[in-house]
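Engineer: One gets this note's numbering by counting positions in the sequence shown from 1 and adding 37 to each.
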Amino acid sequence: MQNTVTPTHCPYCALQCGMNLTPAADGTVEVGERADFPVNRGALCGKGRTAPQVLASGARLTSPLVRSDGGELVPAGWDEALDRIAGGLARTRAERGADAVGVFGGGGLTNEKAYALGKFARVVLGTSQIDYNGRFCMSSAAAAGTKAFGLDRGLPFPLEDIPRTGCVILVGSNPAETMPPSLRYFTELRENGGTLIVVDPRRTRTAEQADLHLAPRPGTDLALALGMLHLVVAEGRVDERYVEERTAGWEEARAAAMAHWPEYVERITGVSVPELREAVRLFCAPEAAMVLTARGPEQQAKGTDTVGAWINLCLATGRAGRPLSGYGCLTGQGNGQGGREHGQKADQLPGYRRLTDPAARLHVAGVWGVDPDSLPGPGRSAYELLDALGTDVRALLLMGSNPVVSAPRAAHVEERIRSLDFLAVCDVVLSETAALADVVLPVTQWAEETGTTTNLEGRVLLRRRAVTPPDGVRGDLEVLHGLADRLGVEKGFPTEPEEVFEELRRASAGGPADYSGIDYRRLGEGNGVFWPCPAPGSEGPPHPGTPRLFLDRFATGDGRARFAAVAHRPSAEEPDEAYPVLLTTGRVLAQYQSGAQTRRVAELNAAAPGPFVELHPRLAARLGAAEGDPLAVVSRRGRAVAPARITTGIRPDTVFMPFHWPGEGRANTLTNPALDPTSRMPEFKVCAVRVEVAR
């Protein structure tokens, strides 16, 4: 028997690392290097190497489950399960209206699934109540990037540009643990003579590689960026010609920055004036430089303004829309970029079109064969949708997300989910959220299906089916087809991914995220195509794709980038006598997101078996806590308990918890759902807590 090697991509983070899969005679799947893929060049982290273990039948669902009269989830046939879901959704819609039915998607869904899910919500259900967990990923960066540049794409340049620039400021990102194969780009940057500045309240594995580590107080990244811009102005480092020729709004942004003098910023952030000056010197010295942000500055109730301030720093110094320079966001989830481009976000239609734009509605409705006036308007953002469950929204179809663990104020969200009249979940495993459902559908995984994803560079990729799914498992597209048919829409929801992608191409044509010049044949012949990639004219050659954006002009009406006139403001919740410590959250190397899949892999659990509370020795001494002692971390929203991990690599006024676990160590029990007014991003990264030894 000759084994077939299938080139494909990892199911986890937004690097979408290339890998080769080979089915073995014993039914397992072997992972091999795929050195030809330029993003990871063969390298894989532990999560990627062990990803096929979740394909095993013992780790995943292989039959639909329905809630019995006795309250237990029991196996059922597919027809019964689909009938129950269609009945539950239809009954709620008939009794309470279309907006009483909600849809919640995921940033790991392929482009085809995200597109079909958004279409299903708006065409079949007629509901405006759809959003997805990608709202919790990079929505603040998307909002700031759109304001500044007229277009949002995680990285407006390929990763290969990073080692060739002169300086990178990495703000609130820890790629050594969150996307390890990308760390080589920063290592190569330094080997080439460039400098790396890391901004993080913790001395992470990434910060240990930096030439300069700035450790601001959580929630003060906005003040830090403004303080650096103040020094750029005061020291005469503004690129005046660039500002004049390629930007707008400088005077207002300049005035706002000048109110943030270095000593004032030092008091707010804890970053010393000499460190501020050194950061500005390192950033301005080379000809080219970049700022890259991640969840640290973005997951705040002022995340859009914070990212805007870092973009201001790039614009004032002429570091955007030029070779080897620019601002970029390190997207987190596997298809966090593509997942929001094609319609599962509350205010967007396919192609990154605005749902409120009459021309966009007309175009997409034409592709879908419906009246534009039949399309509902924008709905609630992710947390607002979850908060409305059981009150305004009474039934929910959830696909590829686990908000019981991943949402802020998670105990409240769990309570809201429990209060629903009807919940249906499509997932690979019985997650903590799926365990609460009335119906659970077992769906195919990455290696068992073909589809496209879009990585953090804006590179559209083809994931190929490598193995046959177990009996009893179906694809999400089959689920939507079956539900649409039962709800009276017999056409428009094909089950073949390539057919869905062909429709997506037409729907995206002419939009900001134009995929119309991309097809499966082209994706199968290379290493992806960067959007925008419009279809050529009748006789023109294929569009090459756009690896680098904004080199000639920005995507605004006049081609100029916009400064953001922003000022520091406190976090939504500051420490006080009752809650004197700051909590920040994040990820660890061996687990991913809510852990629903990685917690089922023995090797990963051995490396990261459970939650912990990271704290400074000075704080530990005040509490009388020793390494490994159970610590109770208490916020205004709840209490979590986990072992102490004492380290000098964190600020004395701050504790850190990873958010991958449910139960008493669930970090998101504590986090604050205060929302950014523009992006509607919750403030995951900073809240006030008290810490005590749990005797």
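We put the beta carbon where it would ideally sit given N, CA and C, even for glycine.
1. Distance, Cα to Cα, Phe194 vs Arg104?
2. Determine the DSSP secondary structure at Val308, reduced to helix, strand or coil.
3. Check whether the Cβ atoms of Tyr557 and Arg542 lie closer than 8 Å to each other.
4. With a Cβ-Cβ cutoff of 8 Å, do Gly163 and Pro413 count as a contact?
5. Tell me which residues share the same chain as Ala260 and place their Cβ nearer than 7 Å to its Cβ, disregarding the 5 neighbours each side in the sequence.
6. Can you round the beta-carbon distance between Ala601 and Asn211 to whole angstroms, since I take them to be within the 8 Å contact cut?
7. If I follow the unbroken alpha helix (DSSP H) through Glu421, where does it start and stop?
8. With a 10 Å radius around its C-beta and 16 neighbouring C-beta atoms as the bar for buried, classify Met38 as buried or exposed.
9. Quick check for students: name the residue ranges of the beta strand (DSSP E) that lie wholly in the region 447–529, counting only runs of 3 or more.
10. What are the uninterrupted segments assigned as alpha helix (DSSP H) that are 4 or more residues long and contained completely in the region 628–658, given in chain order?
11. Mind reading off the beta-carbon distance from Val480 to Asp513? Whole number of angstroms is fine, and I expect it under 8 Å.
12. Is the Cβ-Cβ distance between Pro323 and Gly264 less than 8 Å?
13. Could you pull out every residue in the same chain whose Cβ sits closer than 6 Å to the Cβ of Leu517, ignoring the five residues on either side in sequence?
14. DSSP has Asn709 in a bridge; who is on the other side?
15. Helix, strand or coil for Leu541 per DSSP?
16. When DSSP labels each residue in this structure, what does Asp410 get in the three-state scheme?
17. In three-state terms, what does DSSP make of His267?
18. Report yes if the C-beta distance between Gly780 and Trp568 is below 8 Å; otherwise report no.
19. Going by CA-CA distance only, name the one from Ala663, Val638, Glu640 and Lys382 that's closest to Phe649.
20. At a Cβ threshold of 8 Å, is Arg242 touching chain C?
21. Thinking C-beta only, is Ala544 closer than 8 Å to Val404?
22. Does DSSP put His605 in a helix, in a strand, or in coil?
23. Taking all protein chains shown into account, do 16 or more other C-beta atoms lie within 10 angstroms of the C-beta of Val270, making it buried, or fewer, making it exposed?
24. Could you round the C-beta distance between Ala669 and Glu729 to whole angstroms and report it? I think they count as a contact, below 8 Å.
25. Based on DSSP bridge pairs, tell me the residues matched to Thr232.
26. Between the region 284–291 and the region 242–262, do at least 3 Cβ pairs fall closer than 8 Å?
27. Measuring alpha carbon to alpha carbon, tell me which residue in Trp483, Asp394 and Lys339 is nearest Val603.
28. Compute the distance between the beta-carbons of Leu361 and Ala316, then report whether it is under 8 Å.
29. Roughly how many angstroms separate the alpha carbons of Lys528 and Ala615, rounded to a whole number?
30. May I ask you to verify whether the region 486–503 touches the region 366–383, counting CB pairs closer than 8 Å and requiring at least 3?
31. Given a threshold of 16 other Cβ atoms within 10 Å of its Cβ, counted over all protein chains shown, does Asp73 qualify as buried or as exposed?
32. Which residue comes first and which comes last in the alpha helix (DSSP H) that contains Ile348?
33. Can you pull the DSSP bridge partners for Ser672?
34. Measuring alpha carbon to alpha carbon, tell me which residue in Glu701, Pro299, Val280 and Ala93 is nearest Asp63.
35. With a threshold of 8 Å, are at least 3 pairs of Cβ atoms found where one atom belongs to the region 671–679 and the other to the region 703–716?
36. Name the DSSP beta bridge partners of Arg239, please?
Structural biologist: Per the coordinate set shown:
1. 48 Å
2. coil
3. no
4. yes
5. His297, Val302, Ile305, Thr306 and His605
6. 26 Å between Cβ atoms; not a contact.
7. Ala419 to Asp424
8. Because the pLDDT at Met38 is just 37, under 50, the model does not fix this residue reliably, and the point stays unresolved.
9. 459–464, 476–479, 488–491 and 496–500
10. 639–644
11. 5 Å
12. no
13. Ala153, Phe157 and Phe530
14. Glu720
15. helix
16. helix
17. helix
18. With the chain represented from 38 up to 732, any question about residue 780 goes unanswered, as that position is not in the structure.
19. Ala663
20. Of the chains in the structure shown, none is chain C; there is only one protein chain.
21. yes
22. coil
23. exposed
24. 5 Å
25. Cys204
26. no
27. Lys339
28. no
29. 58 Å
30. yes
31. exposed
32. Gly340 to Ala353
33. Gly675
34. Ala93
35. yes
36. Ile687
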